[in-house]
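Novice: The sequence shown begins at 1 in the numbering used here and counts up by one. Just dropping this structure here.
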Amino acid sequence: MFLEKVTIIISMLYSLALSQELTGESSAGSPRLSFAKSSQVFEPAFTRHILLRDLDSDGDLDAVFANCTLFDSRILLNNGGGEFSATEQLLSKQAHGIDVGDLDGDGDLDIFITCHYYVKDSVSYNLPSKVYLNDGKAAFSEHQQLGDSLLSGNVVHLLDIDSDGDLDALIDYYNEPDKIYLNDGKASFSASDLTYPECSTFGDLNNDGKIDTWVSIAGSGYEVRFGDGLGAFTKSWQVADSTVVISLAFLGDLDRDEDLDAVVVNFDRNGCYPTRIWYNDGTGRFTKSNVELPGVFRGTVTLGDLNNDGFADAVATNHDNYVYVWINDGRGCLVDTALRLGNKSDKNESAALGDIDNDGDLDIFVAEGRGGRNTIWINELVNE
Numbered sequence: 001m002f003l004e005k006v007t008i009i010i011s012m013l014y015s016l017a018l019s020q021e022l023t024g025e026s027s028a029g030s031p032r033l034s035f036a037k038s039s040q041v042f043e044p045a046f047t048r049h050i051l052l053r054d055l056d057s058d059g060d061l062d063a064v065f066a067n068c069t070l071f072d073s074r075i076l077l078n079n080g081g082g083e084f085s086a087t088e089q090l091l092s093k094q095a096h097g098i099d100v101g102d103l104d105g106d107g108d109l110d111i112f113i114t115c116h117y118y119v120k121d122s123v124s125y126n127l128p129s130k131v132y133l134n135d136g137k138a139a140f141s142e143h144q145q146l147g148d149s150l151l152s153g154n155v156v157h158l159l160d161i162d163s164d165g166d167l168d169a170l171i172d173y174y175n176e177p178d179k180i181y182l183n184d185g186k187a188s189f190s191a192s193d194l195t196y197p198e199c200s201t202f203g204d205l206n207n208d209g210k211i212d213t214w215v216s217i218a219g220s221g222y223e224v225r226f227g228d229g230l231g232a233f234t235k236s237w238q239v240a241d242s243t244v245v246i247s248l249a250f251l252g253d254l255d256r257d258e259d260l261d262a263v264v265v266n267f268d269r270n271g272c273y274p275t276r277i278w279y280n281d282g283t284g285r286f287t288k289s290n291v292e293l294p295g296v297f298r299g300t301v302t303l304g305d306l307n308n309d310g311f312a313d314a315v316a317t318n319h320d321n322y323v324y325v326w327i328n329d330g331r332g333c334l335v336d337t338a339l340r341l342g343n344k345s346d347k348n349e350s351a352a353l354g355d356i357d358n359d360g361d362l363d364i365f366v367a368e369g370r371g372g373r374n375t376i377w378i379n380e381l382v383n384e
């Protein structure tokens with residue numbers, strides 16, 4: 001009966017939500033969610049990812065724009081109230097993958113960028129992965145180039161893959177084997193012989209303190225491989241699914257049972273399949289939920305507690321479509337609120353969640369990846 005009522009409410013709100021260009025509201029859950037588009041206007045850029053972190057150690061969230069094509073990646077500092085000012089620093093162009101972490105052990109956040117090749121007017125542009133070190137006040141200096149410009153990087157994951165206490169770099173390359181670069185503890189990286197499967201998502205899936213991976217295999221299905229803490233992975237659980245095409249998994253504890261569940265998207269060049277939830281039993285074995293959420297095309301799912309009820313909700317970006325907001329029903333299931341942000345023509349690449357304006361709730365920063373303007377959606381949580 002509860003789910004039937006939710007379905008009725010969602011249907012009634014659907015046309016209203018679509019008509020709201022600047023504000024979206026949802027009645028699913030209490031308190032009520034409401035988002036308003038920030039008045040800040042950013043310069044157009046091809047932004048693949050936005051990272052929200054406190055880069056200058058002043059207690060608020062700053063931003064890094066990973067900009068691709070021939071746009072420079074940028075650092076923007078928060079004034080404490082959610083307004084951002086771009087610094088004069090110009091980081092790498094052609095940025096497809098970016099991550100931050102304390103790479104040299106000095107207590108502040110450094111930046112790792114990997115770059116995809118770019119072709120314009122029959123000219124091919126290639127740049128290597130780069131490491132930028134922070135002076136503690138968000139002034140970054142280039143520390144290392146990895147010499148991998150011909151490999152075309154898509155994504156970088158900063159993880160302590162060999163359990164030596166520092167962050168290593170795992171880079172997904174386009175049409176090339178993925179590589180693991182080991183950190184010497186001082187932010188100098190060297191290529192290793194360690195490997196990991198294509199289409200991997202990383203997390204501790206069996207709660208043994210070691211990094212494991214969820215693997216999506218086109219035309220075959222999904223599998224979990226357990227890490228040994230030294231950079232090697234062993235196949236464990238697997239399930240067949242011939243409908244897998246381009247599939248990405250996003251990990252988080254949806255049902256608050258202290259293990260990582262998976263929200264899995266699946267698409268191809270012609271469209272997308274429903275988004276599915278897989279629940280972890282705590283040992284790295286997963287069971288698929290019967291719930292189907294809207295498909296996501298060339299987008300991402302970002303998990304976070306949007307309504308402060310203690311359960312992880314989700315924001316899903318969608319290329320050539322709206323940004324979706326899915327709320328946790330308090331039992332670990334995500335419910336489509338019919339709340340849609342932005343415009344159907346937006347080229348959304350990804351979203352970052354964080355308390356941008358320091359008011360105690362999570363806001364949404366959306367990366368617009370095809371020359372548009374990145375947008376901030378301020379959470380105006382209403383207590384009922």
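Even for Gly, the Cβ is constructed at its ideal location relative to N, Cα and C.
#1: Could you pull the start and end residues of the beta strand (DSSP E) that Phe84 belongs to?
#2: Just to confirm, is the Cβ distance from Ser350 to Ala367 under 9 Å?
#3: So what does DSSP say about Ala367, is it helix, strand or coil?
#4: Just to confirm the assignment, what range does the beta strand (DSSP E) spanning Val301 have?
#5: Using alpha carbons as the reference points, say which of Leu151, Ile277, Asp359, Phe46 lies closest to Lys179.
#6: Which of helix, strand or coil does DSSP assign to His116?
#7: Does the beta carbon of Ala351 fall short of 8 Å from some heavy atom of the ligand SAH?
#8: Among Cys333, Asp359, Leu306, Ser122, which one has its Cα closest to the Cα of Leu293?
#9: List the endpoints of the continuous beta strand (DSSP E) containing Glu142.
#10: Keeping to the same chain, check which residues put their C-beta closer than 6 Å to that of Leu248; ignore five residues upstream and five downstream.
#11: Assuming Asp69 and Gln94 are in contact, meaning their beta carbons sit under 8 Å apart, how far apart are those beta carbons, in whole angstroms?
#12: Can you check whether the CB of Ile376 is closer than 9 Å to the CB of Ile356?
#13: Going by C-alpha to C-alpha distance, which of Ile217, Asp313, Phe286, Pro274 sits closest to Trp237?
#14: Would you list the one or two residues that DSSP bridges to Trp377?
#15: For the structure I just gave you, are there three or more beta carbon pairs, one from the stretch 226 to 234 and one from the stretch 246 to 262, closer than 8 Å?
Specialist: Reading off the structure:
#1: 84 to 91
#2: yes
#3: strand
#4: 301 to 304
#5: Leu151
#6: coil
#7: Among the components of this structure there are no ligands whatsoever, and the ligand SAH is therefore not found.
#8: Cys333
#9: 140 to 145
#10: Val265
#11: It is worth fixing the name first, because residue 69 is Thr in this sequence and not Asp. Contact flag correct, Cβ pair sits at about 7 Å.
#12: yes
#13: Phe286
#14: Lys37, Ile364
#15: no
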